[in-house]
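Below is one structure, written out as structure tokens, with a few remarks after it.
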Amino acid sequence: MNKLLFTILAVLFYSTLLSQWGDCTNSTDACTNPSFNVTPSGFGNIEEFTTTSTISNPQTNPNPIPGNMGCLLAGELNSTWLLINVSSSGTLEFSMGTAGTNNCFDWIMWPYDPTQTCTEILNNNWPPIACNWNGMCTGITGMANPGNLPAGGDPSDFEMGLNVNAGDQFMICFSNFSSASTNVPLDFFGTATVSCGNAFGATICYGDTATIYAVAGINYTWDTSIAGFIGTNATGDTAYVNPTVTTNYLVTIDFGLIGIQVDTATVEVLPPLNSSVISVSETCLDSADGSLTIATSIGLPPIDFSIIGPTTSSTNQTGIFNNLEAGNYTISVTDANGCTENITATVDPGPFCCNFSAELIADTVQCQNDCTGEIYLNLTNAIDPITIEWYKESILSNDLLIGNNVDTIYNLCPGNYYAIVTDSTLCPSGDTVVVFSQEIYPTISTMNDTIITAGLDYIIWANGDGNITWTPSTYLSCTNCDTAFSIGTETIQYIATVTDSLGCEMTDTVLIEVIINPLFVPSGFSPNGDGLNDILKVIGGGTSFFNFIIYDKWGNVVFETNDISIGWDGTYKGVDLPSDVFIYVVEASFTNSQVVKLSGDVTLFRK
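So for the sequence shown, this note's numbering puts the first residue at 4; every next one is plus one.
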């Protein structure tokens with residue numbers, strides 16, 4: 004009779020739960036290969052989210068692959084809420100529905116925290132980890148990696164599988180978009196396993212402590228005989244364990260009138276990282292060139308390697324640390340699971356090598372052409388006999404040997420120099436130094452660029468903080484004078500260079516533009532009133548005297564002017580002259596006293 008009563012109460016209990024799967028707070032466990040019924044049931048008692056819940060229900064898919072549309076774009080429609088409890092690590096893959104039924108099913112999945120998830124979804128503060136707005140309405144949807152797609156399923160209806168750990172929990176809202184009344188099979192086929200119990204474990208790193216717990220009961224009794232329990236916490240919904248291997252912990256849950264159930268909380272223990280280290284000692288005593296190479300073949304990449312030594316603290320993902328001084332080092336290795344292993348290693352000191360040092364001290368020079376630089380070699384603790392070799396670095400050829408066995412070298416131009424020193428210990432030492440140019444150059448000022456008429460004499464000049472030279476020497480009376488004389492023969496540009504006592508140079512240019520033909524008379528014009536070439540004018544300017552005369556073929560003057568801006572319009576005494584050839588004579592003198600005389604033919608064209 005008691006057994007029958009328990010069965011009836013259990014059926015009533017779970018029937019009540021089934022009727023409440025329309026809300027997050029009354030979800031059902033998603034067990035291995037179960038099924039559930041769906042109807043056009045709306046959204047339960049509470050509408051946890053809508054189409055405007057852009058954080059809890061974003062309009063874009065949080066996963067770029069396969070990248071089909073957004074989450075539940077119709078909101079919480081005909082919803083069924085499912086809770087997934089991961090009992091062992093692996094890839095979470097599942098399907099919901101039956102292929103070929105043409106039902107449109109959609110879903111959204113969030114990470115689950117029993118104290119936050121349902122409230123924060125309602126508050127639009129809980130981003131999903133995956134979702135699928137059904138693309139092809141094949142009647143089946145879910146998560147599946149390539150190659151695991153269920154028969155009849157379409158890739159647009161499935162998201163990629165999710166890597167999970169034991170103890171992870173996820174809440175799914177399944178949406179019956181097509182308002183079907185049907186049974187929906189639920190199939191898990193990934194490497195991760197799920198459970199439907201009321202006890203929950205965790206995944207921990209080797210050496211860590213796990214929190215395990217049970218729910219839905221009124222009393223709990225843990226089997227503390229199983230290895231790993233901390234203390235004697237035999238009762239209560241929560242226990243703490245630190246097993247060294249993956250372990251199942253049994254708990255007896257008292258549901259009151261419903262009865263008693265023995266459930267299992269699995270703690271999956273990730274293996275130790277088993278890190279190894281190779282230490283290389285210093286080359287010489289205090290040379291600080293030792294190294295540590297750390298490796299692990301078990302941890303999940305990416306792996307962070309950290310060291311703390313006598314004067315060093317560093318982290319990288321290669322595990323290789325160079326230029327280390329001798330001493331003891333604490334090493335920390337942390338993989339992508341958050342598992343950490345601490346080990347120690349020692350970099351041994353090297354043998355005695357050299358006990359002296361070489362330091363080069365250089366001065367600066369004023370410019371690139373200044374070769375008055377000096378470098379001094381400062382030696383510390385060197386033991387005679389000492390050999391010294393001085394070199395200048397060269398980019399295009401072998402480095403140039405510039406001195407031997409002296410502590411100072413002189414007359415150096417800007418550049419890179421180094422010295423190699425060997426004392427009686429036969430250990431080499433050395434140093435590199437740069438003779439820098441301060442880029443200080445002498446000042447120079449020159450005359451302005453000038454335009455002259457061919458044949459005229461002219462003067463060019465330049466002033467500066469040093470000696471002036473001119474190039475090219477063409478037409479110049481002097482090439483190393485501040486002032487030089489020339490005659491206008493052709494347009495030419497001169498370069499003035501000032502050189503100071505250190506050899507530093509600065510240049511400037513002077514352009515002499517020579518005008519060969521200062522006046523020009525066109526060979527014809529057509530005074531037909533079209534506004535083009537109607538007036539015959541002398542082209543030019545800069546005259547102090549000007550006279551322009553036009554003669555006909557019999558020697559009669561038909562036009563004359565002393566104003567270079569006035570031209571002939573092809574008339575004589577107000578009468579248009581016919582097409583013919585006329586003679587012109589131009590006499591002019593310029594402001595530089597040069598006199599020009601031009602004569603020639605000009606044709607008057609009439610149409």
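The beta carbon of each residue, even a glycine, is placed where N, CA and C say it ideally should be. Only a predicted model underlies this, so the values are computations on that prediction, with no experimental measurement involved.
Complete runs of the beta strand (DSSP E) confined to the region 197-254 [at least 3 residues] = Scanning the region 197-254 from its first residue to its last, the whole beta strand (DSSP E) runs of 3-plus residues come out as 205-208, 213-217, 222-225, 241-244.
Quick one: using the 10 Å Cβ neighbour count with 16 as the cut-off for buried, is Asn-60 buried or exposed?
-> The residue in question, Asn-60, is buried, as its Cβ has 16 or more Cβ neighbours within 10 Å.
Is the CB-CB distance between Ala-361 and Ser-432 below 8 Å?
-> The criterion of a C-beta distance shorter than 8 Å is satisfied by Ala-361 and Ser-432.
Could you tell me whether the Cβ of Val-437 comes closer than 8 Å to any Cβ of chain B?
-> Absent from the structure: chain B. Only one protein chain is present.
Under a three-way DSSP split, which group does Asn-29 fall into?
-> Of the three classes helix, strand and coil, the one that applies to Asn-29 here is helix, per DSSP.
Going by the CB atoms, is the gap between Gly-25 and Thr-120 shorter than 8 Å?
-> No. Outside cutoff.
Separation of Ser-440 from Pro-417, as counted between CA atoms | Inter-residue distance for Pro-417 and Ser-440 is about 6 Å (C-alpha atoms, whole angstroms).
Is Asp-190 near the ligand MN, with its Cβ less than 7 Å from a heavy atom?
-> Ligands in the displayed structure: none, and consequently the ligand MN is not present.
For Val-578, count neighbouring Cβ atoms within 10 angstroms of its own Cβ and tell me buried if that reaches 16, exposed if not.
-> Label assigned to Val-578: exposed.
Helix, strand or coil for Asp-434, going by three-state DSSP, please let me know.
-> Note: Asp-434 maps to strand in three-state DSSP.
What separation, rounded to the nearest whole angstrom, lies between the Cα atoms of Ser-427 and Thr-446?
-> Their backbone Cα atoms lie some 52 Å apart in a straight line.
Would Gly-170 pass as a contact of Gly-204 if the rule is Cβ separation under 8 Å?
-> In this structure, the beta-carbon distance from Gly-170 to Gly-204 falls below 8 Å.
Going straight from the alpha carbon of Tyr-554 to that of Leu-539, what length do you get?
-> Whole-angstrom Cα-Cα distance: 13 Å.
Which of the three DSSP states, helix, strand or coil, is assigned to Thr-367?
-> If DSSP states are grouped into helix, strand and coil, Thr-367 belongs with coil.
In whole angstroms, what is the alpha-carbon distance linking Asn-3 and Ile-552?
-> Given that the chain is displayed from residue 4 to residue 610, the structure contains no residue 3 and the question cannot be resolved.
If you drop the 5 nearest sequence neighbours on each side, which residues of the same chain put their C-beta closer than 8 Å to that of Cys-199?
-> Residues of the same chain with a CB within less than 8 Å of the CB of Cys-199, apart from the 5 flanking positions on each side, are Asp-32, Ala-33, Cys-34, Thr-35, Pro-37, Asn-88 in chain order.
Taking the Cβ atom as the reference point for each residue, do Met-174 and Ser-30 lie within a distance shorter than 8 Å?
-> Yes. Within cutoff.
Mark Phe-355 as exposed unless 16 or more other C-beta atoms lie within 10 angstroms of its C-beta, in which case mark it buried.
-> In summary, Phe-355 is exposed, with fewer than 16 beta-carbon neighbours lying within 10 Å of its beta-carbon over all protein chains present.
Ile-58, DSSP secondary structure in three states | If DSSP states are grouped into helix, strand and coil, Ile-58 belongs with coil.
Please report the residue range of the alpha helix (DSSP H) in which Tyr-392 lies.
-> Looking at the sequence itself, residue 392 is Glu, so the reference to Tyr does not match. Looking at the DSSP string, Glu-392 is not in any alpha helix (DSSP H); the run it does join, the beta strand (DSSP E), is 390-395.
Whole-number beta carbon distance between Val-254 and Trp-225, since they are thought to touch under 8 Å = Sure, about 5 Å apart at Cβ, within 8 Å.
Under three-state DSSP, which class holds Cys-107?
-> In the structure shown, Cys-107 sits in coil (DSSP, three-state: anything other than H, G, I, E or B).
Quick one, which of Asp-109, Phe-191, Asn-106 has its alpha-carbon nearest Gly-93's?
-> Residue Phe-191 is the option with its Cα nearest to Gly-93.
Should Ile-68 be labelled buried (16 or more other beta-carbon atoms within 10 Å of its own) or exposed?
-> Classification for Ile-68: exposed.
Could you please give me the residues that DSSP links to Thr-546 through a beta bridge?
-> Answer is Phe-593.
Round the Cβ separation of Tyr-332 and Pro-275 to the nearest angstrom and send it over; I've been treating them as touching at under 8 Å.
-> About 20 Å; that fails the 8 Å criterion.
Take the Cβ of Ala-487 as the centre, count every other Cβ of all protein chains shown within 10 Å, and call the residue buried at 16 or more, exposed below.
-> Of the other Cβ atoms in all chains shown, 16 or more fall within 10 Å of the Cβ of Ala-487; this residue is therefore buried.
Backbone CA spacing between Ser-568 and Asn-451 [nearest angstrom] | Their backbone Cα atoms lie some 29 Å apart in a straight line.
With a 10 Å radius around its C-beta and 16 neighbouring C-beta atoms as the bar for buried, classify Trp-557 as buried or exposed.
-> So Trp-557 counts as exposed.
Member of Ser-98, Pro-65, Tyr-394, Asp-537 whose CA lies at the smallest distance from the CA of Pro-131 | Nearest C-alpha to Pro-131: Pro-65.
Report all residues from its chain with a CB closer than 6 Å to the CB of Thr-122; omit the five preceding and five following residues, and keep chain order.
-> Result list for Thr-122: empty, nothing under 6 Å.
Quick one: give me the first and last residue of the alpha helix (DSSP H) that Thr-122 is part of.
-> Note, Thr-122: alpha helix (DSSP H), 120-125.
Going by DSSP, name the residue or residues bridged to Lys-600.
-> Within the DSSP bridge table, the entry for Lys-600 names Glu-590 as partners.
The beta strand (DSSP E) enclosing Glu-285, as first and last residue numbers | Note, Glu-285: premise wrong, no beta strand (DSSP E); not H, not E.
With a CB to CB cut of under 7 Å and the five nearest residues on each side skipped, what residues in its chain are close to Ala-237?
-> Its chain contains Thr-224, Trp-225, Thr-227 as the residues whose beta carbon lies nearer than 7 Å to that of Ala-237, once the 5 sequence neighbours on both sides are disregarded; these appear in chain order.
Do the region 471-478 and the region 396-409 make contact, defined as three or more Cβ pairs closer than 8 Å?
-> With the rule of 3 Cβ pairs closer than 8 Å, the region 471-478 does not count as touching the region 396-409.
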